[in-house]
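Asker: Following the numbering used here, the numbering of the sequence shown begins with 7 at its first residue and continues without gaps. Ideal Cβ positions, reconstructed from N, Cα and C, are used throughout, including at glycine.
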Amino acid sequence: MLKKTLSNAKSTATAALAVLTLSVSASAAIPTYFQDFEAMTPEPPSPGNSDLDDNGWRVGGNVFDGDTSSSPFPGNLSFDYFDFPAPNVAGGSSFSSVATGDTVPSGANYLNIFSDYKCCTGEPPTAGHGDTSAPFDVVNAVVFRNHDEEITIDEIGSVVTFSFDYKRPAFVPGQADPTKDDSPAIGADGCNAPQCTANAFIKVLSASNDELIVLRYDTTGASQSDWANAAIVLPILDSGLLGGTIQFGFETIIQSGGAPFKRSGVYYDNVGITVQTFGLVDKSVPVPAFAAAVLGLGLVAITVLSARRRRV
């Protein structure tokens, strides 16, 4: 289940879940998390700044061939590259930076997420954003944080909520034409989904790094003036998730089609993970019945991917 509440100010990363007559326990092995990026250095001049990496943020990418003749967009996976420190560099061209300067109702800093425009050094000259031949490669740049604590039997029946504030960079009048947007915001250059897409996500990964559950929230059409708050609610209902771990973060999916590279920027702030564990849980109750009891009317929006690697 995805829930979204628009607001003119950034809200704190909290989520309320109405649950019939269930008793709720605040204790859980799945850790909570909150980050407003205020203690980090925005767009530092040193390329060695490690604020995001020190806080557990990592990056990686998937490159697809864009060929939809035999498979849906983004085509076939050509290669991937994963688990590197999340960069935080002024004027950076890969993945992420802590930024400031946009209109922010509270605080000053936020997380700037964009594509990996350096993709892909060391690969063939036509790979990634540098591909100038149709059908054009698709670069899926992923910025993520892992919670390495494994899901135990005590977490079956828990609800994990990933909440965040988001907006796109503000409109910048073009020098040649003030009616055109010169901002780095995704979609500002007219590239729309699916060729240019931004998402927040939360996943459950197996011990072998396969995706057991994936939930995404599309932020492609975020406002360029007002912050909004969203929350992705992940019910831990199935004993098949035992031993799995939580991963959450943000991604861009960009098919540049050669130069100029398509824009991809989205801002995020007040990123949080909260966990609620329900005291009534009878592990013998069938999943659909339990889902209906916990979430109301069985409205569980889950994409279950069997033995699938990190992909779009």
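Give a yes or no on whether 8 angstroms exceeds the smallest Cβ distance from T225 to chain C.
Answerer: Included in the structure is just one protein chain, with no chain C present.
Asker: For C197, which residues in the same chain have their Cβ closer than 6 angstroms to its Cβ, ignoring the five residues on either side in sequence?
Answerer: For this step, residue 197 is matched to residue 191 along the sequence shown. Excluding sequence neighbours, C197 sits near K268.
Asker: Run through the segment 200 to 266 for me and flag every whole beta strand (DSSP E) of 3 or more residues, listed as ranges in chain order.
Answerer: As far as the segment 200 to 266 is concerned, its whole beta strand (DSSP E) runs of at least 3 residues are 202 to 211, 217 to 224, 234 to 242, 251 to 260.
Asker: To the nearest angstrom, how far is it from the Cα of E44 to the Cα of Y116?
Answerer: Here residue 44 refers to the residue found at position 38 when the sequence shown is read from its first residue. Here residue 116 refers to the residue found at position 110 when the sequence shown is read from its first residue. About 8 angstroms.
Asker: Measure how close the beta-carbons of V281 and T38 come, nearest whole angstrom, since I'm counting them as under 8 angstroms.
Answerer: Walking along the sequence shown from the start, residue 281 turns up at place 275. Walking along the sequence shown from the start, residue 38 turns up at place 32. Sure, about 6 angstroms apart at Cβ, within 8 angstroms.
Asker: Can you tell me whether V287 is buried or exposed, with buried defined as 16 or more other CB within 10 angstroms of its CB?
Answerer: Here residue 287 refers to the residue found at position 281 of the sequence shown. With a pLDDT of only 48 at V287, under the threshold of 50, the placement of this residue in the model should not be trusted; the figure read from the coordinates follows. Label assigned to V287: buried.
Asker: Which residue wins for smallest C-alpha separation from T203, given the options G249, G193, Q41, V210?
Answerer: As a first step, residue 203 must be located in the sequence shown, where it is residue number 197. Nearest of G249, G193, Q41, V210 to T203, Cα basis: G193.
Asker: When burial is assigned at 16 or more other CB atoms within 10 Å of the CB, is S102 buried or exposed?
Answerer: Translated into the one-based positions of the sequence shown, residue 102 becomes position 96. When all chains shown are included, S102 counts as buried.
Asker: On a Cα-Cα basis, can you pick out the residue from I279, G180, Y274 that is closest to T106?
Answerer: Here residue 106 refers to the residue found at position 100 when the sequence shown is read from its first residue. It is Y274 whose Cα lies nearest to the Cα of T106.
Asker: CA-CA distance, D160 and Y87?
Answerer: Translated into the one-based positions of the sequence shown, residue 160 becomes position 154. Translated into the one-based positions of the sequence shown, residue 87 becomes position 81. If I take the Cα positions, the gap works out to 34 angstroms.
Asker: Use the C-beta contact count for F142: other C-beta atoms within 10 angstroms, 16 or more gives buried, fewer gives exposed.
Answerer: In the sequence shown, the residue the question calls residue 142 occupies position 136. Buried: at least 16 other Cβ atoms inside 10 Å.
Asker: Can you list, in chain order, the residues of its chain whose CB lies under 6 angstroms from that of D137, leaving out five sequence neighbours each side?
Answerer: Counted from its first residue, the sequence shown places residue 137 at position 131. Here the set comprises D143.
Asker: With distance defined between alpha-carbon atoms, name the residue in F254, I259, T283, F284 nearest to W63.
Answerer: Residue mapping note: residue 63 aligns to position 57 of the sequence shown, counting from 1. Residue F254 is the option with its Cα nearest to W63.
Asker: Assuming T47 and D57 make a contact with CB atoms under 8 angstroms, what is their CB distance in whole Å?
Answerer: Your numbering for residue 47 matches position 41 in the sequence shown. Your numbering for residue 57 matches position 51 in the sequence shown. The Cβ separation is near 6 angstroms, so the contact holds.
Asker: I'd like to check one pair, G163 with T251: are the Cβ atoms closer than 8 angstroms?
Answerer: Counting from 1 along the sequence shown, the entry for residue 251 is found at position 245. Counting from 1 along the sequence shown, the entry for residue 163 is found at position 157. Contact flag unset, no.
Asker: Output needed for D73: all residues of its chain with C-beta closer than 7 angstroms, excluding positions within five of it in sequence on either side, in chain order.
Answerer: The sequence position of residue 73 within the sequence shown is 67, counting from 1. So the qualifying residues of the chain are G81, N82, P141.
Asker: Excluding sequence positions up to five away, which residues of its chain have a Cβ less than 8 angstroms from the Cβ of A92?
Answerer: As a first step, residue 92 is located in the sequence shown; it is residue number 86 there, counting from the start. Contacts found: L58, D59, W63, R64, V65, F101, S102, V149.
Asker: Which value, in whole angstroms, describes the spacing of the CA atoms of H135 and R222?
Answerer: Within the sequence shown, residue 135 is the residue found at index 129, counting from 1. Within the sequence shown, residue 222 is the residue found at index 216, counting from 1. Their Cα atoms are separated by approximately 24 angstroms.
Asker: If you draw a straight line from the C-alpha of K16 to the C-alpha of D187, how long is it?
Answerer: Within the sequence shown, the letter at position 10 stands for residue 16. Within the sequence shown, the letter at position 181 stands for residue 187. Confidence is the limiting factor: at K16 the pLDDT is only 42, short of 50, which leaves the residue's position unreliable, though a coordinate-based value still follows. Going from the Cα of K16 to the Cα of D187 covers about 24 angstroms.
Asker: Using only the alpha-carbon positions, how far apart do N205 and A191 sit?
Answerer: Locating residue 205 in the sequence shown gives position 199, where the first residue counts as 1. Locating residue 191 in the sequence shown gives position 185, where the first residue counts as 1. One C-alpha to the other measures close to 14 angstroms.
Asker: Tell me whether N235 is buried or exposed, calling it buried when 16 or more other Cβ atoms sit within 10 Å of its Cβ.
Answerer: The residue labelled residue 235 in the question sits at position 229 within the sequence shown. By the neighbour-count rule (16 or more Cβ atoms within 10 Å), N235 is buried.
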